[in-house]
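According to mature numbering (1 follows the signal peptide of the UniProt record, and there is no 0), the sequence shown holds residues -19 to -1, 1 to 782 in order.
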Amino acid sequence: MGSYKDICLLLLFFCTVQGDILDSYVKTDGAWILGQNKKFYRTLNKEECAAKCEAETTFTCRSFLFALKDQQCITLADNTKSTVVFRRADVALFEKRIYLLECRRGNGHDYRGTESKTQGGVACQKWADKNPHVPNFSPESHPNESLEENYCRNPDDDEKGPWCYTTDPEKRYDYCSIPECEEQCMYCSGENYQGKISQTESGLQCQPWASQEPHAHGYIPTNFPEKNLRSNYCRNPDGEPRPWCFTTSPTKRWEFCNIPRCTTPAPVSIVERECLEGNGENYRGKISVTVSGKACQSWSAQTPHKHMRIPENYPCKGLEENYCRNPDGESRPWCYTTDSNTRWEYCDIANCNAPAVVTAAAPVLVPQAPAVEDCYEGTGTSYRGTMALTVSGKKCQAWSSMRPHSHSKTPSQFPNADLRNNYCRNPDGDMAPWCYTTDPHTRWEFCNLQKCANLVQQRPQSTTPTNLGSDCRSGKGEDYRGHIASTASGKTCQEWRSQTPHRHDSFTPQTHPRAGLEKNYCRNPDGDVNGPWCYTTDLSKAWDYCDVPKCPPPEYECGKPKYKPLNCIGRIVGGCVSNPHSWPWQISLRTSFNMHFCGGTLIDPEWVLTATHCLERSSRPSSYRVAAGLHTERASEASAQHRNVQRLFKEPSGADIALLKLSSPLLITDQVIPACLPPANSMVAGGSECYVTGWGETKGTGGDGLLKETGFPVIENKVCNRPELLNGRVRNSELCAGNVDGGTDSCQGDSGGPLVCSEQGKYVLQGVTSWGLGCAQPMKPGVYVRVSRFIPWMERTMKEN
C-alpha cells in the first residue's frame, strides 16, 4: 500500500468539481476536520463558502467545511494532511488542490507539499528561523510564497526546482527531491499518468471512458474510481506497458498512446519485500521456480515464449534475471516458464505473515432452511451480517484499508466490533450500521439495511408498492408523504414554513413546491441518501434524520433467493454442490423424454432465457420441456414444476441467445424466483465476482446429479482477447469469465445456463453460458453471451408475444 502522500495525491485527481471557483478544490462528502485556526460564516452555497476561503486574511485558508442544511461555512488553515478526519453525515469538506500535491509541476514554483528534507536527506531549516542561516527569503519578506514551517519551496523560480535552507551549518541550502507530477510525462508504465493527451500513437481520437460507442467495454469510470478515467484521456488502468485508450474508429478497438517519459528519477512508491505481501507487486526476492517446479524464463528473453513483459516496457517492476515477479496486477507473482508447453505459471512465495497451515475443511451443506433476513436490532451495534453496500448502492471500503479514505476505525482499534472484510458495522454507536465507501468523493454512508422490527411477514399482493401517503419509504424516501413528525432521537420536527427556532431559507414549501413540505412531517427534499429528515424544535439541534421504516418488498423480488447461496469460490468443474434452491432461477432444459441436456434462466414466470445452440436438435417447441424448482438433475423433488415450451425465439442476428415462452406461467415459490435483468447495454466491470450454476460435466470433481456452482471474476474483453488467452475470438456481444490459471469453469451440459453477478443485494443475469476451449483449462476462460446487449430484443419479443 502507498504512503499517506500517495493517498493524498490519488485523492487529488478524483474530485467532483462544480463551478469555476471550485475547480481548485477537492471535495469529500461526510468528512469533518478540526483546526486551530478557523472562522465561521453563514452562507447559502458552497461557492460563497469558497469565496470566503479565498478572501481569508487572518490565516492561509487550505480548506473549508460546508453544511447545506445548517447553511454553515467554516474556513480552516488545516487540511487532511495536518489534522485528524472525522465522520459527519451532513457536511462536505473542500480542500485546496495545491496543498495536497506532493509532486511538482514544471520548476515547482507553486509546490505547496510537506517535503522538508533535502535531496541528501538533511532536514530543512524553518523559513522563519535565523539559525544556522540568515535567510534572504522569509514569511515576512515573501508573504505570498507560503514559506511555512520548514517545507521545501521555490520562492525565486529556481529552474532546478524547490529547495530549502538546511540545518547543516556547513551547507547553506540544497535542492529537494520532489518528483514531477505525471501530467506532462509518465514514470514507469504510466499507471499514475493524469495528463490530457487523448490521441493514440497512430493519431486516432480516443473514445470517452464513459461511452460504450463505438466499443463496448468494462472500464467504467464509476467502477474504477482510483484510475481517474476522465473524459477521453489516455490512461493505464490494467497493467499494460504504457497508457492507452479505446479509439473512435469502429475498426480499431484500442491502441497505445505516446506519452513522454519523465526525465527525473521515478519516485519510490513501494517497500520492497523478500516475501509475499498482498498480491506480491512489491516482491523482489530471487525465487525463479514455479509452483510445479518449472524453471522461469528470463524476462528479457523471447524464447521459448514471446511476450511484452520485458524490462523496457515495465521499468519499475524489478524484472531482473528470471525472478518471479508481478508486473501486471495478477493475484500473485509469476513467470514465463522454460517449458515450451507451459507458457506461464504462478510461483510459490512464502507469506510475510507466515500464517499457520490450516487444513481446509470440506464445505458444509447448509440445511434447506430459509435464509434469515439481513436486518439489525436497535442501532445495529450487534449486526454481524455480510451486507457491504450503502443506501445509495456504493460498495464498502474494507475496514483494514486506508484507501480511498484514511480513518481510525480499524479492527485493531475496535477488536469487539467484528470489523471483518468490508461488511457494514456500527463500531461507534451511530444510529445504524455504516461503512466507509470506495467512492473517493463520499467518505461514508449508512448501509442498505432495515431494522428487524420493520420487516413485514406478510407481503402485499401488489408488485409495485408505493410509499405515497404511507408511513414507510422506498429507497431514499424522496416521495415519502407519511405523517411521521419526529426524529430518530425523539425530537419534534419544526414546521417547514416556519423559520423558528431554525432559519432555513433553502428548504421551504416555496423553494421546493414538489417535495411535500407540509406541516412538520419528515421529508427528503434534497435527496439525502440516508433518508427523510426535518429541522427540529430543539434550539441545540438544527436538524436530524427521521426513523422512517423501509416499505416491505413486493410479492417477490427478482434475484433474491429465499435460501442463502453458498457462494463457492473454489478451485460445473471444480466447484461446489450448491445449497438446495439457493439459485431459484436455474432451470433444466429437457428433451420430450425428460432428459436434461442444457441449462437456462427464468427471467419471468412465463419466459426462460437459454443458448441458441441448445435448440439445434429441433425447431419444434414440442421437442423441449422446462423443469424449475430443482436441486437434483432427476427433477423428482416435490418442489419441481414442469412446463412444455409453447414457442421458440432465436436472436435474429445469430447470437447464441434464445427465448422460450412456456405453455403456462410457473408458480413463484421459495424454490422458483426469476433472476434480475441488467439495464440495456450496461457493462459488468472486469474483476467483478460472478457465479455460474449447472448440472453439466464435472470432469471427476464430484457432485454429479446435484446442482453445482462456482464463482470467478469477469475478465475484460480487451484482456481476454490477448494472444495468450483467447486471441481475438471474443466479440463485443460476449464476455469472458474464469480463473486464468484454470481449475473451475462451466462445461458441457451447463450451456444456456446463467452467469449472475451480485449487485446491490440482488443477483443480476449478466451472461448466458455459450462456449469455451475445453473445460477449466489454464488461460482459456469461458465465454458467455452478454445479456445486456440483447435487452431491447428480449423486451420487444416478450411484449409482442
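The beta-carbon is built from N, C-alpha and C at its ideal position, and this holds for glycine as well.
* Asked: Helix, strand or coil: which one does DSSP assign to Trp774?
  -> helix
* Asked: From Gly310 to Cys166, what does the alpha carbon distance come to, in whole angstroms?
  -> 22 angstroms
* To do: Apply the 10 Å Cβ neighbour rule to Thr284 and answer buried if 16 or more other Cβ atoms are within range, or exposed otherwise.
  => exposed
* Outcome for Ser732 when other beta-carbon atoms lying within 10 angstroms are tallied against a minimum of 16 -> buried
* **Unbroken beta strand (DSSP E) run spanning Cys226, endpoints** => Trp225 to Phe227
* Spatial distance of Ile14 from Val66 (CA atoms) -> 5 angstroms
* **Integer Cβ distance of Ser467 from Cys532, believed to fall under 8 angstroms** => Ser467 to Cys532, Cβ: 19 angstroms. No contact.
* **beta strand (DSSP E) segment containing Val7, residue limits** => Tyr6 to Ile14
* Asked: If you pair each beta-carbon of the segment 150 to 166 with each one of the segment 85 to 97, do three or more pairs fall below 8 angstroms?
  -> yes
* Asked: In whole angstroms, what separates the C-alpha of Tyr537 from that of Cys657?
  -> 11 angstroms
* residue 802 - containing alpha helix (DSSP H), residue span -> In the structure as shown, the chain starts at -19 and stops at 782, and residue 802 therefore has no counterpart that could be examined.
* Asked: Between which two residues does the alpha helix (DSSP H) containing Arg701 stretch?
  -> Checking the sequence, you will find Cys at residue 701 rather than Arg. Counting along the chain, the alpha helix (DSSP H) containing Cys701 begins and ends at Asn698 to Cys701.
* Taking Leu640 as part of the beta strand (DSSP E), name the residues at either end of that continuous run. => Ala639 to Leu643
* Out of Cys105, Arg85, Lys107 and Leu185, point me to the one whose CA is closest to Asp139's CA. => Arg85
* Asked: By how many angstroms is the C-alpha of Ser669 removed from the C-alpha of residue 804?
  -> Because the chain spans -19 through 782 in this model, residue 804 falls outside it and cannot be assessed.
* Asked: Which same chain residues, not among the five before or five after Pro308, have their C-beta less than 6 angstroms away from its C-beta?
  -> Arg290, Tyr295 and Lys298
* Can you pull the DSSP bridge partners for Trp566? -> The partner list for Trp566 (beta bridge, DSSP) is empty, contrary to what the question assumes.
* Asked: DSSP on Ala656, reduced to helix/strand/coil?
  -> coil
* Nearest neighbour of Asp4, chosen from Glu76, Lys522 and Thr319 [CA to CA] -> Glu76
* Does DSSP put Leu257 in a helix, in a strand, or in coil? -> strand
* Asked: Any idea what DSSP makes of Ala616, helix, strand or coil?
  -> coil
* **DSSP beta-bridge partners of Met167** => Arg242
* Output the residue ranges of the beta strand (DSSP E) runs that lie fully inside the segment 45 to 103 and measure 3 residues or longer, sorted by chain position. => 53 to 57 and 66 to 77
* Is DSSP giving Ala434 helix, strand or coil here? -> helix
* To do: Determine, using beta-carbon pairs with one atom in the segment 604 to 612 and one in the segment 562 to 571, whether at least three such pairs fall under 8 angstroms.
  => yes
* Asked: CB residue 819 to CB Gly463, shorter than 8 angstroms?
  -> Coverage of the chain is limited to positions -19 through 782, which leaves residue 819 absent and any answer about it impossible.
* Whose C-alpha, out of Ala469, Arg93 and Lys233, is nearest the C-alpha of Ala413? -> Ala469
* Asked: Bridge partners of Cys377, per DSSP?
  -> Thr418
* To do: For Lys780, name the three-state secondary structure that DSSP assigns.
  => helix
* Asked: Is Gly11 buried or exposed, if buried means 16 or more other CB atoms sit within 10 Å of its CB?
  -> buried
* **Continuous beta strand (DSSP E) stretch holding Leu629: start and end** => Gln622 to Lys631
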